[in-house]
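Have a look at the structure below, then the notes.
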Amino acid sequence: MCDYSLHTVASRPAKAGDLLVTTSFSLSHDLRGFCAKDEPGVAVCLMPGTELAFRTEPTRHRVLAPLIWLGIMGHIDSKLARSRQVRLGDKVHDALEFSNGKVELVTALRRGLEATVLQVPVMIEGAPPAARHSSIALQRESVR
Numbered sequence: 001m002c003d004y005s006l007h008t009v010a011s012r013p014a015k016a017g018d019l020l021v022t023t024s025f026s027l028s029h030d031l032r033g034f035c036a037k038d039e040p041g042v043a044v045c046l047m048p049g050t051e052l053a054f055r056t057e058p059t060r061h062r063v064l065a066p067l068i069w070l071g072i073m074g075h076i077d078s079k080l081a082r083s084r085q086v087r088l089g090d091k092v093h094d095a096l097e098f099s100n101g102k103v104e105l106v107t108a109l110r111r112g113l114e115a116t117v118l119q120v121p122v123m124i125e126g127a128p129p130a131a132r133h134s135s136i137a138l139q140r141e142s143v144r
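Under this note's numbering, the sequence shown has 34 at position 34, and the numbering climbs by one with no breaks.
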């Protein structure tokens, strides 16, 4: 649910209607994720399938080398996204799939982006983990 080390960062699951902000949870900026706007020190974890609407068009950082962040921003050209996981064997695997088909790691997003959680997947009692996140098995809780 969250790439960053949960034993060092307080966390909670996302809820429909949450106003989230991209932030860094470490001084080295390598632990980037979402927090609630009113809870800056608490990581908000996005279950795969959680849908977000960004307030402005999101941008990402471009990396020159593993430890050097450039000030160059790359535009994503979409404000709607669904959370998913990619490269499950890697340490960093939380990503967003945007409505235009682009997939970006959460750690690549610029800090300070605001997004509203539109809906979150509901866990189905007794379903195996893979089925809980399949598009067929999802029931959704929407913002009312």
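All residues carry an ideal CB built from backbone N, CA and C; glycine is no exception.
No experiment lies behind these values; they were computed from the predicted model shown.
- Proximity to K102 across R55, V86, A115 peaks at V86, based on C-alpha coordinates.
- Taking a contact as a CB-CB distance under 8 Å, the pair A115 and F54 counts as one, their CB atoms being some 5 Å apart.
- Relative to the Cα of R32, the nearest Cα in the group P13, D18, L105, V122 belongs to L105.
- In chain order, F25, A43 place their CB closer than 6 Å to the CB of V9, counting only its own chain and leaving out the 5 sequence neighbours on each side.
- With distances taken between CA atoms, T22 lies nearest to T59 out of D77, E97, A16, T59.
- Within its own chain, the residues whose Cβ lies closer than 6 Å to the Cβ of L19, once the five positions on either side in sequence are excluded, are K37, T116, listed in chain order.
- The beta carbon of S99 lies closer than 6 Å to those of S78, L80 in the same chain, with the five residues before and after it left out.
- Ranked by how close their Cα comes to the Cα of V120, the residues E51, E39, A95 have E51 in first place.
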